[in-house]
Amino acid sequence: MKIIDLNCDMGEAFGNYAMPNDEKLMDYITSANIACGFHAGDPAVMQQTVALALKKGVAIGAHPGLPDLQGFGRREMKISPNEAYQLTLYQIGALSAFVKAAGSKLHHVKAHGALYNMAVKDTALAKAIVQAVYDFDPGLILYALAGSKMIAEAVKVGIVTASEVFADRSYQDDGLLTPRSANNALIINEEDAVNQVLGFALKQEVRSANGNRIAVRAETICLHGDGEHAVAFAKLIAERLKKEGILIKAPSI
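Residues in the sequence shown are numbered consecutively from 193, following the numbering used here.
What follows is the structure, given as structure tokens:
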């Protein structure tokens, strides 16, 4: 039986919990990447989101990002590898504290936004993020873009990886995501996104923005939770995968 994970970024709010989609989305996903306070989130939201994930039986991951609340962590910053290590380790520790206090254990780590995209191609940054994960707990799973430097560096030190693909992002011929600055970065048509997901899950391939078929290792599919129809889309994806006989399950070591 084919197995795939559905992950989603969660807890990206502040103060009084204001992410109504999170609870509903957790009915359809198997992994939650919870913001750790740098690009979004705060202690109150972290605690609430951890509790919600445990209630729903969803695997909990730390989602460290750049210290840029105004830019939601999506603007590149010039940071050294050591700074990448420090901010990653700090944020993993913060979320892990709430998970431990709730009587559970952290499952994975997935970098956010610009930090994620920078480390896709930058070996030094990728190595720093991987080292932070390894030093905190080598038993954690690293979620990272399929074919990226982060995956390669994690494999070198023996960290289990989950190669990530995106339901609603277009791809280039090199297997990397189309930059968000491009007009065709996002897949707007719902059926096109569903077909892309099925291609990932059934064939381990994706059709690039230029129409070429690209082989890709797909173990976890990212669904964005901030869209107007995010919950309906997540429900549709889950239903179509199950219809194809695919088991939706979080990766394990």
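Positions of the beta carbon are idealized from the N, C-alpha and C atoms, including for glycine. Quantities reported herein were computed from a predicted structural model and do not represent experimental measurements.
- Here E411 is buried: its Cβ has 16 or more other Cβ atoms, across all protein chains shown, within 10 Å.
- A residue is called buried once 16 or more other Cβ atoms fall within 10 Å of its Cβ, and Q262, having fewer, is exposed.
- A residue is called buried when at least 16 other Cβ atoms come within 10 angstroms of its Cβ; S362 meets this threshold and is buried.
- Annotation for Y363: no alpha helix (DSSP H) segment contains it, and DSSP assigns it neither H nor E.
- For M202, the enclosing beta strand (DSSP E) covers residues I195 to M202.
- Counting the other CB atoms within 10 Å of its CB gives I380 a total below 16, which places it among the exposed residues.
- When C-beta atoms of the segment 373-388 are compared with those of the segment 219-235, fewer than three pairs fall below 8 Å, so the two segments do not count as touching.
- For E383, the enclosing alpha helix (DSSP H) starts and ends at E382 to L390.
- Checking the DSSP bridge columns, you'll see F358 partnered with C414.
- The C-beta of M193 has fewer than 16 other C-beta atoms within 10 Å across all chains shown, which makes the residue exposed.
- Nearest Cα to I271 within the set A254, M310 and L298: M310.
- By the 16-neighbour rule on beta-carbons within 10 angstroms, H231 is buried.
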